[in-house]
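Heads up, the sequence shown is in the numbering used here, so the first residue is 115 and it goes up one at a time.
For each residue, glycine too, the CB sits at the ideal point set by N, CA and C.
Quick caveat: nothing in here was measured; it's all calculated off a predicted structure.
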Amino acid sequence: LDLTGEFAVPVTLAVIPALTDGKLVVRLDEAPHATVAIHGWAHRNHAPEDQKKQELGAHRPPEAVLDDLARGLSRVTGLHGARAVPMLVPPWNRIDAGVVSVLGSIGFAALSVFGPPKPAPLAVINSNVDIMDWHGTRGCRDHGLLVQAIIAQLQQAFDGG
């Protein structure tokens with residue numbers, strides 16, 4: 115936050131509603147360039163062990179998933195007020211298509227996952243370059259590789275893709 119503030123770079127934090135509290139509110143009061151999106155409810159895996167992790171999938175009744183998401187949006191908005199943006203960032207970048215189709219009905223205006231956007235009934239604002247090395251060091255990816263990935267994304271955009 116300090117670095118993004120120093121260079122006036124807006125940043126949106128994906129916050130886990132079940133785990134957040136007033137401490138983050140106090141910290142973000144010092145970071146007017148930061149907004150907060152909803153990162154699922156509790157970042158809890160509900161998929162069977164032999165499947166990829168997913169909190170917002172078909173492994174639970176849709177009503178339970180939507181209740182969690184509505185509660186998460188309400189909690190984050192209650193804590194952060196105008197700093198909260200009605201955007202869902204699903205844990206592990208996975209969400210059931212049936213859930214996506216009704217996100218607007220519970221107050222979400224946007225969805226953000228990883229990769230090229232897929233058609234959806236709400237705005238899709240995806241990340242295309244992940245700075246994290248999730249499968250290796252679990253830290254920042256090699257800076258040279260990040261620059262190459264960013265250049266590739268920019269080239270694709272300039273080429274009309």
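query, result
"Hey, T134 and V125: beta-carbon distance below 8 Å or not?", "no"
"Using the C-alpha atoms, what's the distance from L202 back to L127?", "11 Å"
"Figure out for me which residue from K166, D273, A161 and S188 has the closest Cα to the Cα of P175.", "A161"
"Mind checking S219: buried by the 16 CB within 10 Å criterion, or exposed?", "exposed"
"Which whole-angstrom value describes the C-beta separation of Q267 and V243, a residue pair presumed to lie in contact below a C-beta threshold of 8 Å?", "6 Å"
"Taking the CB atoms as reference points, tell me whether D129 and H147 lie closer together than 8 Å.", "The residue asked about is misnamed: residue 129 is Val in this sequence, not Asp. Not in contact: V129 and H147 (Cβ atoms no closer than 8 Å)."
"Quick one: what's got a C-beta closer than 6 Å to D182's C-beta in the same chain, skipping five residues either side?", "W155"
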